[in-house]
Amino acid sequence: MLYIKSMLLFGAVACASGTSLAADFTSGEATLRLSDANGAVESLVAADGSERILAAAEAFTLQLLDGKGEPTRLKSSDFSFSRDGNRLAWRHANGLHVSVLVTAADDGFRFKPAVEGIPAEMLLEWFDGPQICIAPDRKLFWPNWDGIEVTDYNSRPYRPIRYRKRFAPGFGSSLYPGLAQMQFMAAYKDGKGLYFSAVDDRHTQKAVDWDQQDGKSIRLTLQTFCGDLDADGAWRPKFHYLLKPYEGAWMEGCEIYRDWVYTLPDFKKKPNRPKWMYDSPVNLIYPVRGKGNDCGRDMPANRFFPYINAMPAVEKYGNLLDSRIMALLMHWEGTAPWAPPYVWPPYGGEEALAKFRDALHARGDLLGVYCSGTAWTQISSIEPSYSLEQRFEEERLGRHMMRGPKGEITACICNGFDAQKLGYDMCLAEDWCVGEIVAEAAKFSRFGIDYSQFFDQNMGGGWLLCYAKHHKHPPIPGAWAVEAMVALQKRMVAAGKGMILGCEQSAATPFVPYLPYSDVRAMPGLMFFGRPVPGSAFVFHEWMCNFTGNQCGMINSMDAYWRWMSGFHNGDMFSLVLNDSGEIVCGWPAPWSNGPLPERDGLVSVLKKLNAIRKKYPSFLLEGKMIRPFVTCESRIASVNFDGWTRGKVETTEILTSFWENAKGERIGFASNWRREPSELKITYPDGRTQTRILAPLETIELSVE
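Residue numbering for the sequence shown follows my numbering, starting at 1 and increasing by one per position.
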């Protein structure tokens with residue numbers, strides 16, 4: 001048995017190439033074992049002697065594409081395996097050579113792969129390794145939809161991420177950077193954790209996902225796209241994968257990732273934060289056309305048009321909430337609702353919107369708009385008279401659209417006959433596409449709009465997979481795609497005239513510095529796999545502060561107090577969705593015929609109090625970082641029912657808590673009773689003292705270490 005005490009000793013104790021001994025590596029007090037048959041990861045024993053993984057069947061899987069885009073998938077057992085010290089090697093009959101360098105660092109293990117000898121007629125599409133398996137009794141932090149603690153591994157089948165077919169749903173997507181906002185996962189049970197990440201400062205497109213394997217194990221996957229090749233055609237990524245044991249649960253895993261984020265150049269700069277954020281304005285979200293739902297082909301102006309008609313609602317809620325207001329408009333586009341990339345001039349003309357803008361600004365309020373991101377609309381499914389089909393053909397614009405491996409052209413998000421539009425996705429490595437997007441955004445940034453959720457439908461601020469062989473980029477997705485999006489966002493921020501940008505859900509890691517304020521919705525995280533946890537807020541709150549969103553997905557009911565109080569504890573600003581009578585409704589897709597939110601009056605009172613806390617403590621709740629609890633808080637288990645795209649309930653506690661630290665190192669905590677009856681909170685201090693507090697219905701208190 002081979003033991004390696006540090007990466008400095010690997011070469012000195014390397015065994016001969018081709019030996020069949022099992023390989024045991026040590027890093028600090030942790031021990032890693034690899035299979036002698038195919039190099040798969042078999043065991044990771046932590047310093048306390050506990051096993052953190054299950055044996056994987058394979059070391060890796062990879063996929064090649066032939067000239068027609070047809071895939072060939074190979075696994076490590078299809079290769080002949082050998083080992084030379086800490087370098088593992090696999091050779092295939094077709095000449096393909098895979099190697100992985102294993103080194104020890106920071107009480108964990110680094111895996112650095114390379115793929116050489118790619119057949120001339122083939123393209124390497126993706127590489128998935130090392131393959132890591134955990135027991136199904138572990139909880140898993142999955143960085144999708146701002147953070148989900150997965151407890152139901154049977155909730156959906158796994159498949160490697162791929163170019164999407166038309167009408168394919170986007171909500172289960174694991175693409176990073178996108179709906180997967182971070183490139184790590186953490187599995188844990190009883191305080192014993194496992195951290196698995198890609199330490200990739202170029203943020204190569206990859207899938208951050210999990211695969212339930214017949215109920216016996218859960219495989220963690222960081223399926224990485226291989227579009228960034230060396231000059232000789234080999235794939236030698238400049239990053240490594242990290243596997244390490246740790247103590248704790250999801251917060252401790254997020255701390256490891258946050259420590260790495262601190263090393264990235266863009267996160268060493270001053271955050272892109274306008275002064276108005278310090279006033280914690282409340283968003284009033286509403287459409288100026290239609291009755292609260294996108295679908296259907298009858299969308300006349302409602303009582304919020306002309307735009308100035310909304311001023312009584314702005315004044316009403318500004319007074320009730322004692323807050324500045326941002327009027328955040330939907331269905332305002334002069335083209336068609338949700339018909340990217342073109343939106344200008346506004347519905348009804350610039351003069352009508354300018355009158356509203358000036359009235360808002362005169363009160364000290366703000367104007368924001370939803371857009372629809374970087375897709376291309378051929379024809380609106382909402383307003384079919386809007387069509388760009390003729391222009392598309394005459395100017396041969398199809399050559400600029402994203403393509404699949406076989407040259408196919410389609411779109412994904414909100415695309416379909418019964419959705420918002422029929423169209424395609426624009427390739428952001430194409431100069432023409434970037435020019436059109438930047439020019440369109442400049443029109444309304446110059447107009448004096450304060451905020452644009454421009455990248456709505458670009459989940460997490462990212463974009464999808466382009467394989468076009470006739471574009472300037474490589475024919476396989478990779479880091480080049482992320483660099484293209486970052487370049488676009490930088491241009492838009494520079495030209496923004498003070499207008500800040502956001503996206504749908506929290507921004508993914510490389511986009512956080514450019515998208516500091518985004519629509520964070522509760523419903524999707526509730527629908528899938530487990531319970532939502534504020535992972536993105538925990539890692540990134542020092543650089544971005546989001547808002548509670550338009551509740552897309554919530555149609556009938558959800559406990560409003562739990563929803564908005566959980567938003568407070570995530571560090572989010574607040575938003576309310578209105579019908580054209582100025583009444584609060586439960587969510588954006590809810591038909592107005594359902595009536596207003598039953599808790600609307602009480603909710604306004606609660607939000608006024610919570611927002612007063614936000615304005616009192618900006619160094620914590622705007623600029624500060626979320627931290628682990630400095631006192632232990634215990635309250636009874638409770639559950640919240642939800643009814644939207646799906647129905648169900650999520651487990652929670654009667655009292656919600658959060659803990660914060662500012663730049664001076666000062667700390668504060670908050671506890672909220674979201675229920676309509678008193679709840680008991682037991683507090684245990686670091687010195688062992690305990691205290692029991694009874695929180696009144698809907699009460700929020702401060703917590704300290706004293």
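The beta carbon of each residue, even a glycine, is placed where N, CA and C say it ideally should be.
Ranked by Cα distance from residue 632, the first of 674, 691, 188 is 691. Closest option to residue 84, judged by alpha-carbon separation, among 133, 100, 424: 100. Look at the beta carbons and you see the region 447-461 not touching the region 208-215: under three pairs across the two are nearer than 8 Å. Here residue 263 is exposed: its Cβ has fewer than 16 other Cβ atoms, across all protein chains shown, within 10 Å. By the 16-neighbour rule on beta-carbons within 10 angstroms, residue 247 is exposed. Contact check between the region 185-197 and the region 240-259: three or more CB pairs, one atom from each, fall below 8 Å, which counts as touching. Beta-bridge pairing by DSSP links residue 110 to 103, 242. Cβ-Cβ distances below 6 Å link residue 582 to 313 in the same chain, with the five nearest sequence neighbours on each side left out; the list follows chain order.
Contact fails between the region 607-614 and the region 330-348, because fewer than three Cβ pairs, one in each stretch, are under 8 Å apart.
When DSSP states are grouped into helix, strand and coil, residue 181 belongs to the coil group. Out of 640, 630, 651, the CA that lies nearest to the CA of residue 683 is found in 630. Beta-bridge partners of residue 325 (DSSP): 282.
Here residue 703 is not near residue 673, since their CB atoms are 9 Å or more apart. Between residue 44 and the set 135, 95, 155, the nearest pair of CA atoms involves 135. One alpha carbon belongs to residue 512, the other to residue 482, and they sit about 13 Å apart. Going by beta carbons, residue 423 and residue 377 fall inside the 9 Å limit. Around the beta carbon of residue 73, fewer than 16 other beta carbons sit within 10 angstroms, so the residue counts as exposed. Straight-line spacing of the CA atoms in residue 57 and residue 177 works out to 28 Å. For residue 253, the enclosing alpha helix (DSSP H) begins and ends at 250-261.
At a Cβ-Cβ threshold of 9 Å, residue 669 and residue 558 do not count as neighbours. Per DSSP, the unbroken alpha helix (DSSP H) holding residue 487 starts and ends at 479-494. Judged by their CB atoms, residue 548 and residue 261 are not nearer to each other than the 9 Å cut-off. If only uninterrupted beta strand (DSSP E) runs of at least 3 residues are considered, none is enclosed by the region 396-422.
By alpha-carbon distance to residue 635, the top candidate from 651, 369, 436, 353 is 651. Between residue 222 and residue 124, the C-beta gap is not smaller than 9 Å, which leaves the two residues out of contact.
Taking 9 Å as the cut-off, the Cβ atoms of residue 160 and residue 126 count as close.
Nearest in C-alpha terms to residue 132, of all of 649, 42, 598, is 42. About 19 Å separates the CB atoms of residue 409 and residue 227; that is not less than 8 Å, and the two are not in contact. Per DSSP, residue 540 lies in no beta strand (DSSP E); the unbroken alpha helix (DSSP H) holding it starts and ends at 535-540. DSSP places residue 601 inside the alpha helix (DSSP H), whose first and last residues are 600-616.
Of 34, 600, 561, 657, the smallest CA-CA separation from residue 676 is found for 561. Between residue 198 and residue 565, the alpha-carbon positions lie close to 33 Å from each other. In the DSSP annotation of this structure, the continuous segment of the beta strand (DSSP E) that includes residue 370 starts and ends at 366-370. Excluding five sequence positions before and after residue 502, the CB atoms of its chain that fall closer than 6 Å to its own CB belong to 453, 515, 517, 518, given in chain order. By the 16-neighbour rule on beta-carbons within 10 angstroms, residue 281 is buried. A residue is called buried once 16 or more other Cβ atoms fall within 10 Å of its Cβ, and residue 391, having fewer, is exposed.
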